[in-house]
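Residue numbers (this note's numbering): 21 to 185. Beta carbons are placed, not taken as given, at the ideal position from N, Cα and C, and that holds for glycine. Input: a single structure, listed below in structure tokens.
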Amino acid sequence: MRTLDRKPSHLAKTPRDPLMTQDKFAQLQNKLDRLKKSHPFAASEVSRLAELGDFSENAEYQAAKWKLRGINYNILTLESQLHEAEIIPSNSQQNTVQIGHNVTVQSGEKIATYQILGSSETNPTSGIISHLSPIGIALLGRGIGDVVEVKLANKTVRYKILKIE
């Protein structure tokens, strides 16, 4: 019996955050170009293996078909993501925190710098946070010297904005 391996519809329709840097946009475009170049070979491989006959016992055919489906899915996903993309503009205004800024904050004795970007580029261990994260939401629109409180799962943390770049 064949079982479907699909995400529930409520997960498949989760809206994506369209905000990204120009670098991220170019990276996704390059990935799309590579996938489109690999598509003809994958399709011809499926055709070649289909000519061998018995589909039920042809594991190579099934694997090639699975790979082609993955390429098609990734192409459609990337095309949609690039179509909906909104490039984060370079901000020359540095008196309030905006998306794309680097913000240096102090919490107690700890000083940290965060870059606030779109959700598709987050990497908290590298200091890149989403504008939709609790810290990102609290910092947006604030200025140097402002103190913000961020409610986390089991505590509230206070951050003082030291620098905006």
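It is roughly 12 Å from the alpha-carbon of S127 to the alpha-carbon of D166.
V123 is bridged by DSSP to Y134 and I184.
Here S150 is buried. Its C-beta has 16 or more other C-beta atoms within 10 Å. Beta-bridge pairing by DSSP links R178 to E169. Proximity of the stretch 78-94 to the stretch 55-68 meets the contact definition, three or more beta-carbon pairs being nearer than 8 Å. Residue pairing by DSSP puts E106 in a beta bridge opposite L39. The way I'd put it, the stretch 113-133 does touch the stretch 177-184; three or more beta-carbon pairs between them come closer than 8 Å. Boundaries of the beta strand (DSSP E) harbouring I149: I148 to S150, taken from the DSSP string.
Sixteen is the threshold: when 16 or more other Cβ atoms of the shown chains lie within 10 Å of the Cβ of G138, as they do, the residue is buried. In the same chain as L52, and ignoring 5 residues on each side of it, the C-beta atoms closer than 6 Å to its own belong to L98, in chain order. Each of A84, L72 and H103 was checked against the Cα of Q49, and the nearest Cα belongs to H103. Counting of Cβ neighbours within 10 angstroms places G156 among the buried residues, the total reaching 16 or more.
Partner residues in the beta bridge of N143, as assigned by DSSP, are I148. Taking T41 as the centre and dropping the five residues before and after it, the same chain places the C-beta of I108 closer than 6 Å to its C-beta, in chain order.
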